[in-house]
Structure formats: structure tokens, C-alpha cells
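> Sharing a structure with you now.
Protein chains: 4
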Amino acid sequence: MLEFQLDPRSGVPFYRQIIDQIRFGMATGRVKVGDQLPTVRALAVQLKVNLNTVTKAYKELEIQKILETQQGTGTFIGTVKVNVSAKEKRAKLKSICEDYVNAAAVYGITPKQLIDELKKYEGESK
Amino acid sequence: MLEFQLDPRSGVPFYRQIIDQIRFGMATGRVKVGDQLPTVRALAVQLKVNLNTVTKAYKELEIQKILETQQGTGTFIGTVKVNVSAKEKRAKLKSICEDYVNAAAVYGITPKQLIDELKKYEGESK
Amino acid sequence: MLEFQLDPRSGVPFYRQIIDQIRFGMATGRVKVGDQLPTVRALAVQLKVNLNTVTKAYKELEIQKILETQQGTGTFIGTVKVNVSAKEKRAKLKSICEDYVNAAAVYGITPKQLIDELKKYEGESK
Amino acid sequence: MLEFQLDPRSGVPFYRQIIDQIRFGMATGRVKVGDQLPTVRALAVQLKVNLNTVTKAYKELEIQKILETQQGTGTFIGTVKVNVSAKEKRAKLKSICEDYVNAAAVYGITPKQLIDELKKYEGESK
DNA sequence: GTGGTCTAGACCACT
DNA sequence: GTGGTCTAGACCACA
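Chains as they are written, first to last, in the working numbering: chain A, 10 to 135; chain B, 10 to 135; chain C, 10 to 135; chain D, 10 to 135.
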């Protein structure tokens, strides 16, 4: 089960936080293909946000074919496997790292320091 | 001299890209204390953005005491050494790492993979 | 320029009609890569619908990389060419025809009759 | 006998898919006047949908006098010949063609291409 | 001026 | 019960 949690101070829009948490859940294996998501209403109540905010998040993922919805039934993790190809993944990895090094350099943080910090997270993820 | 370049597709606002590039230039030693920056007008023309966009970027850096504006003369890299305290730096380092671990996880990239990729950048930076 | 027009009686949601008309305009060459679309506000007023309805349409096309938006500047036809590959196009053509034949058969209309009717439209499109 | 089959991804509501398949069966001669249809319950089980969904489909066809329900006996193809008037048929033909020409245009498919593809189906149908 | 997000609340369609 | 659409109106962020 996903444990949604919103941070109003992060500056990241609510609907995007919801999207990220669903994708994160998929990437880490917490939810699997075919799993049903909370109903829009239930999640809206749980997160204390408006119905439309949750709807917007689900909708975006549906457009991206990551979720499938059946009116009157519910919303599910798409059965169409999201094929992030190895090539795409490598490209993404590189682009994330570049952004990362730049963002850090702005504050005088070296790649080496980043690596040391990152090692704390090494145990995580699926 | 700084070579400003904006990417409209990055999602990062123009004014923030300008700020980052100035800070990046300082962190990597491309510009030094006392150096003069392009005038607001010149930079706006060069980057093909609105005057207000450049103004906003300079203003924010001025507030942070990173830039100094001499009425009628121009804008300069602040002579007051910007002391990012060790504490601030640690906090920033942590927050950057968290952001990126999450961004990566969405694509199924593990912290370990990030570290391996980052090692390529280890020689860089001031 | 696109001439938007909504039919409230069609049963097709407004935002989808807007999407279809933009895609149609692109397919027929009425709008080209880089063209600016009407502002969300202007189109909302013109079509007498709510701002959010137009926003929703633009947003969906943006997610599909068909449009590009720059906050504070406007919405544009994406420069990333929407590559409907020849293969995809063939598949789409087949699927449309099947749907078509079935929908017609329900009313006792034969493929031959469809062809005769379609010939009236043969001159159209780019 | 009809072989019902539902496609959850088509976007067409289940009850409408059922309706279409019954009408299609009639148009192609697979079922004839007086034939008995599966009971609501049986069909619901077979298609793994809710009882109400099948009920809704049968109900709509009953209203159109296409089906007749005999209390306690079952549901049958109406004995009243459904006369789709020539006028109605022409109107339907036109509306179907318009819909599909538009749907195709969105993908850059011309009416001519549709015609060519449709010719493959020319032998079919009653 | 531009687009982005969010709320509150309504009504509809489908299962 | 489920999701889908739409409105009215507010406030924010960016150029």
C-alpha cells in the first residue's frame, strides 16, 4: 500500500507530489501492475486536498499510460508495462547527474562530497 | 566571462537559470570578486528575454549580498565574501541529495548507480 | 489560424473538442510548428467556457509533448515533431476502419455504402 | 449464438459494447427474430461485469423495441421488425462518415486512404 | 500580460 | 459506489 504524504512547504504542487509518490511506489515495487489505487475521493479526504487535485494527478498518469481508469470501477496501475528502455535510463541517469553536479557547485559542494553523502542512501530502494 | 545560456524546456524559470549560472561561475572561479556583470539591458538582449527577467535575477542576488549595484556604474560581484556557513552547506547538501535520490528512484535508478555515475565528475569543480 | 467551435450537443466533452480541433489543425497544416495558440483566457472567452476547461485541453496536449508552454509567455505548437510513424499510422488506419465497419453494420450499412459516402469527402484535407 | 467480448481499454462503456454486439449480430444475421438471449444473470457472469450493466443494455434495447422481455421466461429478439427508415439510415450514414473522417484527419489520414482500406471489407456483411 | 494551482461545489455517466 | 466534466473564483509565479 502507498503511504501518501504531502508537504505544503516544498513548493512542489500537490498534484505533482501525488504523481511522484505513485511513480516512486512503482519503481520500488511497493505497488504492482493491476493494483487498485485509492479512490479519488478517499485520497482527497486522506490528504485533505480537493477532489480535483487528486483527479488531476491520476489524469496525468493516465495520459502517460501509467494508470488505467474504468469509470464506475476505479483506477489501477496500468498493465501496459512502462518500458523505460535501458537506453532511456542511461540518458536519464546522465542528465540527473549533470543537474546534480551543477546544483551542488552553486553552493561550492564538490562531486566527492556528494558521493560521500549519497552513500548514506545506498541501502535503500528495491 | 560568463557564457549565459537558457534552456526554455528545462522547466526551470529563466530568472533562476540566470541566478544559477552566476553562482556557478563564482563557485568554479570563472568570475571573481569585483568583476563587472553585463548590464541588465545587454544581458536581456543577448538572452532574448524581457528586461524584467534579468532585473529579477540580479535583484535576488543583490538581496543575498552576492551582487552589488553601483548606481550609474553597473553591477559587480560582491566584495563581501559570501560565507556559506558550514552548517548551511551541510543542510543544502542533504536536501540536494534527497531531491535527487527521489528523482532517480522514479526511474528505477538506485543511489549506487548515481554514485558510480558521479565518480566521472570527481575531478571537476574548483 | 484555428477557428474553434464547440458543439454542446455532441456529447463530446468541451476540452476534448478543443484537443481534437488543435490536432486536426496540425494534421491539415493549418497551424505549424512554433505557432502560438490563443491564450487560455482569450480562448475561454471566445468559446464561452471556463478558464480551466481550456487549461485542461492545453495541459493534455502538453503532456503528450504536442504543445509547449512557457509560463508568462504563452502556449505553442511543439517543436518536437509528433512522429506518427508509418507503422503507427497503418495500425491506426486499420483500427479506425474496423470500428467504422462495425459501427455501420449495426445499422445495416454495408462497407460499399460507406465507400460511396466517403467519396464525397475525397477532395478534402491537405 | 453471439460471442460477447468486452474491451475495457476501448473507452466505450461496457453496456454500449453489449448493445452494439447484439445489434451487430442482428445486422449480420447471427441472431434472428425470436431468438432467446442469455439471461441477464448468465451474461453478467460470463462477461464478469455487474448485473446492472447487462440490465442497462437490455433495457435500452427494449425501449427501442429491439428486444422483448417475457416476465419469467427470458429476453428475445423482438418480433416487431425494426424498421430503420431509409431516411434515418441516410442520416446515420452521414454522421458516421463525418465522425470518422475527423478521427482519421487527426492522424493525417485522408478520406482516400480510408476508402482504399475499406475496400478490403467490401465482401463482408450481410 | 502570460500560464499554474487550488478550492468549493455542482451535475453527469458508468458499474 | 466509482470516475468525468464543468463552473466560478481565488491566489501565485513568471516574462
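Ideal placement from N, C-alpha and C gives every residue a C-beta, glycine not left out.
Please read all numbers here as calculations on a predicted model, not as lab measurements.
So with CB distances below 7 Å, who are the chain B contacts of Gln79/C?
The contacting residues are Pro17.
> Okay, do the stretch 10 to 18 of chain B and the stretch 21 to 41 of chain C touch, 3+ Cβ pairs below 8 Å being the bar?
Taking 8 Å as the limit for Cβ pairs, the verdict is that the stretch 21 to 41 of chain C does not touch the stretch 10 to 18 of chain B.
> Would you report the Cα separation of Lys135/C and Gln122/D, rounded to the nearest angstrom?
Low per-residue confidence applies at Lys135/C: pLDDT is 46, beneath 50, and the placement is therefore not dependable, though the value from the model is reported in the following sentence. Spanning the two alpha carbons is a distance of roughly 13 Å.
> Which same chain residues end up closer than 8 Å to Asp16/A when comparing Cβ atoms and leaving out the 5 residues on each side of it in sequence?
Cβ within range, chain order: Gln26.
> Would Lys74/A be called buried (16 or more neighbouring beta carbons within 10 Å of its own) or exposed?
Exposed, since its Cβ has fewer than 16 Cβ neighbours within 10 Å.
> Tell me Phe13/C's beta-bridge partners as DSSP assigns them.
Paired residues: none, contrary to the question.
> Tell me, please, whether the CB atom of Glu12/C is closer than 8 Å to any CB atom in chain A?
Answer no: the Cβ-Cβ gap between Glu12/C and chain A never drops below 8 Å.
> Can you give the Cα-Cα distance for Lys57/A and Leu70/A, rounded to whole angstroms?
For Lys57/A and Leu70/A, the distance between alpha carbons rounds to 21 Å.
> If I follow the unbroken alpha helix (DSSP H) through Gly83/A, where does it start and stop?
Note, Gly83/A: premise wrong, no alpha helix (DSSP H); beta strand (DSSP E) at Gly83 to Ile86.
> Sort Thr48/D, Leu127/D and Gln30/D by Cα distance to Val40/D and report the nearest one.
When only C-alpha atoms are compared, the closest one is Gln30/D.
> Please classify Ala95/A as buried or exposed, where buried requires at least 16 other C-beta atoms within 10 Å of its C-beta.
The residue in question, Ala95/A, is exposed, as its Cβ has fewer than 16 Cβ neighbours within 10 Å.
> Taking buried to mean at least 16 other C-beta atoms within 10 Å of its own C-beta, is Glu131/A buried or exposed?
With fewer than 16 Cβ atoms within 10 Å of its Cβ, Glu131/A is classed as exposed.
> From the DSSP output, in three-state form, read off Ser134/B for me.
Reliability of the predicted coordinates at Ser134/B is poor, the pLDDT of 48 falling under 50, and the value obtained from them is presented with this limitation in mind. Coil at Ser134/B, not helix or strand.
> So, is the C-beta of Thr37/C closer than 8 Å to a C-beta in chain D?
Yes - at least one Cβ of chain D is within 8 Å of the one on Thr37/C.
> So which residues of chain C does Gln122/D contact, with C-beta pairs closer than 7 Å?
Residues of chain C passing the Cβ test: Leu102.
> For Ile80/A, name the three-state secondary structure that DSSP assigns.
The question names Ile, yet the displayed sequence has Gln at residue 80/A. If DSSP states are grouped into helix, strand and coil, Gln80/A belongs with coil.
> In the structure shown, what three-state DSSP assignment does Gln45/B receive?
Looking at Gln45/B - three-state DSSP - the assignment turns out to be strand.
> Can you tell me which of Ile105/C, Pro47/C and Thr78/C puts its alpha carbon nearest to the alpha carbon of Tyr119/D?
A small correction: the amino acid at residue 119/D is Thr; Tyr does not occupy that position in the sequence shown. That would be Ile105/C, whose Cα lies nearest to the Cα of Thr119/D.
> Does Ile28/A come within less than 8 Å of chain C when only Cβ atoms are used?
No, because no Cβ of chain C sits closer than 8 Å to the Cβ of Ile28/A.
> What's the C-alpha gap between Met35/C and Val115/D?
Roughly 8 Å between the two C-alpha positions.
> Quick one: what does DSSP say Gln73/D is sitting in, helix, strand or coil?
Reduced to three states, the DSSP call for Gln73/D is coil.
> According to the neighbour-count rule (16 or more other Cβ atoms, all chains shown, within 10 Å of its Cβ), is Thr84/A buried or exposed?
Classification for Thr84/A: buried.
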